[in-house]
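Take a look at the structure below.
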Amino acid sequence: MLGARAGGETVLASATAGMSRDAAAIAFLAHARSQGIDGALITISGIDGGGPRALGTHMAVLADGRHLGHLSGGCVEPAIAAEVAPLIAAGTDRVMRFGKGSPFIDIRFPCGGGVDLLVHVSPSLELLNEALECLGRREPFALGFDPGQSRASRIADVGAATGWHDGMFVRRYLPRTRLLLAGRGPDFEVMARVAAAAEFDLCLATPDESSALALASLDVPIELLKSPGRTPDLPIDAWTATVLLFHEHEWEHAILAHAGAAGGFYVGALGSVRTHQQRRERLAAMGLPAAQIERIRGPIGLVDRAREPGMLAVSVLAEISAARAQLDRA
6 MLGARAGGET VLASATAGMS RDAAAIAFLA HARSQGIDGA LITISGIDGG
56 GPRALGTHMA VLADGRHLGH LSGGCVEPAI AAEVAPLIAA GTDRVMRFGK
106 GSPFIDIRFP CGGGVDLLVH VSPSLELLNE ALECLGRREP FALGFDPGQS
156 RASRIADVGA ATGWHDGMFV RRYLPRTRLL LAGRGPDFEV MARVAAAAEF
206 DLCLATPDES SALALASLDV PIELLKSPGR TPDLPIDAWT ATVLLFHEHE
256 WEHAILAHAG AAGGFYVGAL GSVRTHQQRR ERLAAMGLPA AQIERIRGPI
306 GLVDRAREPG MLAVSVLAEI SAARAQLDRA
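Numbering (the working numbering), first residue to last: 6 to 335.
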């Protein structure tokens, strides 16, 4: 994702390691600005026809030609960076069209669509750091960009959807999906790896030291469960999905009781229709309210009776992604 120049790239890359794509572009630019290197934040502000990336997608471009982020499938970013460089030098904000209807006839998207790119030169380091702090705290927020004479950028009303509002482009940020995955064995380990590859914000819990060791290279939080009756301190917010992959169901009770009462958008546990009915009966006998029991999904996944670990992982993560998309549209 970096440009061709090598100097300082390792430092800049390490400053964005493990971040979401939204955060990485902002952190890349913030780190450069803190080192006295100017740059611009590029945002897709309009889509005409097909588009390879969503409205509001970012790319960061530095004055020395380095860049990070994708506004296409990876085919035109160097060309976009070259066109943005004169604007950085001049300190000029602008909305530029690339692809369909663009004056840059040599820059075309394979899908045939066109995108408007809002080039915001030299956003303040204070604003960039404030945005990173909000992202780190998993707080919804928005940035507003005015490409007119004021060239203003600021934290904006989070209630506004991403798009143009009264001459200002507002980019709304919601926390990326956190997957709280608890379990053990092959199903647990494979789903953790697939979720990490799919860029979920991953937290793991397992009673199995061998599973914890096998997944240590993912560099994500792993809590080693000590007792089935102990409720672990699980980080659940409105953008969290909780999935349990246990075959020994005594490990489920405390976690499901906690997750059912918390505000996450998805709670599910491994098992057949019969197993899930028995689970519901056990939780009711424990005194868990019916409304919380109803929130727990089972069987989980879009593919019926997926038994192979890889298929189960894809099936469940697709179901979670569909639920998250519905949440964001609400």
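Beta carbons are placed, not taken as given, at the ideal position from N, Cα and C, and that holds for glycine.
No experiment lies behind these values; they were computed from the predicted model shown.
Would you kindly report the start and end of the unbroken beta strand (DSSP E) that includes threonine 48?
Threonine 48 -> beta strand (DSSP E) spans 44 to 53.
Helix, strand or coil for alanine 157, going by three-state DSSP, please let me know.
Residue state, collapsed to three classes: coil.
Under 8 Å: do the region 171 to 187 and the region 241 to 254 share three or more Cβ pairs, one atom per stretch?
Yes, they touch.
State yes or no: is the C-beta of alanine 90 within less than 8 Å of the C-beta of glycine 70?
Yes; because the gap between Cβ atoms is below 8 Å, this pair is in contact.
Do glycine 51 and valine 124 have their CB atoms nearer than 8 Å?
Going by C-beta atoms, glycine 51 is not nearer than 8 Å to valine 124.
In whole angstroms, what is the alpha-carbon distance linking serine 39 and leucine 133?
When rounded, the distance between both Cα atoms is 10 Å.
Just the Cα atoms here: how many angstroms apart are aspartate 27 and histidine 63?
Taking the straight line joining both Cα atoms gives about 6 Å.
Count the other C-beta atoms from every protein chain shown that fall within 10 angstroms of the C-beta of alanine 232, then say buried if there are 16 or more, exposed otherwise.
Note that residue 232 is serine in the sequence shown, not alanine. Per the 10 Å Cβ criterion, exposed.
Using the beta-carbon count (16 or more within 10 Å), is arginine 284 buried or exposed?
So arginine 284 counts as buried.
Out of Val81, Ala45, Ser77 and Gly56, point me to the one whose CA is closest to alanine 68's CA.
The residue with the shortest Cα to Cα distance from alanine 68 is Ala45.
DSSP three-state label for valine 321, please.
Three-state DSSP puts valine 321 in a helix.
Restricting to Cα atoms, I'd like to know which of Gly269, Leu307, Gly234 and Ala136 is closest to alanine 32.
For the residues Gly269, Leu307, Gly234 and Ala136, the minimum Cα distance to alanine 32 belongs to Ala136.
Can you check the region 58 to 82 for any beta strand (DSSP E) of at least 3 residues that lies completely inside it and give the ranges in chain order?
DSSP runs (the beta strand (DSSP E)) wholly in the region 58 to 82: 63 to 67.
On a CA-only basis, which of Ser77, Gly79, Gly78 and Leu122 is nearest leucine 92? Give me that one, please.
Out of Ser77, Gly79, Gly78 and Leu122, Leu122 has the C-alpha closest to the C-alpha of leucine 92.
Exposed or buried, threonine 211, counting other C-beta atoms within 10 Å across all chains shown (16 or more means buried)?
Buried is the call here.
Straight-line CA distance for valine 16 to histidine 254?
With a pLDDT of 44 at valine 16, under the threshold of 50, the predicted position of this residue should be treated as unreliable, and no value is reported.
Buried or exposed: which applies to leucine 229, given that a residue is buried once 16 or more other Cβ atoms fall within 10 Å of its Cβ?
Exposed is the call here.
With a CB to CB cut of under 6 Å and the five nearest residues on each side skipped, what residues in its chain are close to alanine 318?
Excluding sequence neighbours, alanine 318 sits near Val195, Met196 and Val199.
By DSSP, does histidine 252 sit in helix, in strand, or in coil?
In this structure, histidine 252 counts as coil in the three-state DSSP scheme.
What's the gap between the Cα of serine 222 and the Cα of isoleucine 47?
Cα-Cα distance, rounded: 33 Å.
Can you say whether serine 320 is buried or exposed, counting buried as having 16 or more other CB atoms within 10 angstroms of its CB?
Buried, by the Cβ-count rule.
Assuming leucine 261 contacts alanine 246 (C-beta within less than 8 Å), just tell me the rounded distance between them.
About 14 Å separates the two Cβ atoms, so there is no contact after all.
Look at alanine 1 and histidine 72 and say whether their C-beta atoms are less than 8 Å apart.
Any answer about residue 1 is impossible in this case: the structure gives the chain only from 6 up to 335.
Per the contact definition of three or more C-beta pairs closer than 8 Å, is the region 142 to 154 in contact with the region 166 to 184?
Segments in contact, yes.
Where does serine 228 fall in DSSP's three states?
Note on identity: in this sequence residue 228 is glutamate, with serine being the wrong assignment. Residue state, collapsed to three classes: strand.
Based on DSSP bridge pairs, tell me the residues matched to leucine 137.
Paired residues: none, contrary to the question.
Identify, in the order they occur along the chain, each residue of the same chain with its Cβ nearer than 8 Å to the Cβ of leucine 130, setting aside the five sequence neighbours on each side.
Excluding positions up to five away in sequence, the list reads Ala35, Arg38 and Ser39.
Among the residues of its own chain, which have a CB less than 6 Å from the CB of arginine 302, if the five just before and after it don't count?
Taken in chain order, the residues that qualify are Gly273.
Let me know if serine 158 comes out buried or exposed under the rule of 16 or more other beta-carbons within 10 Å of its beta-carbon.
Buried, by the Cβ-count rule.
Can you tell me the Cα-Cα spacing of isoleucine 49 and glycine 306, whole angstroms?
Each residue's alpha carbon lies about 33 Å from the other.
So the candidates are Asp192, Val163 and Val100; which of them puts its Cα closest to the Cα of glycine 315?
Nearest option by C-alpha distance: Asp192.
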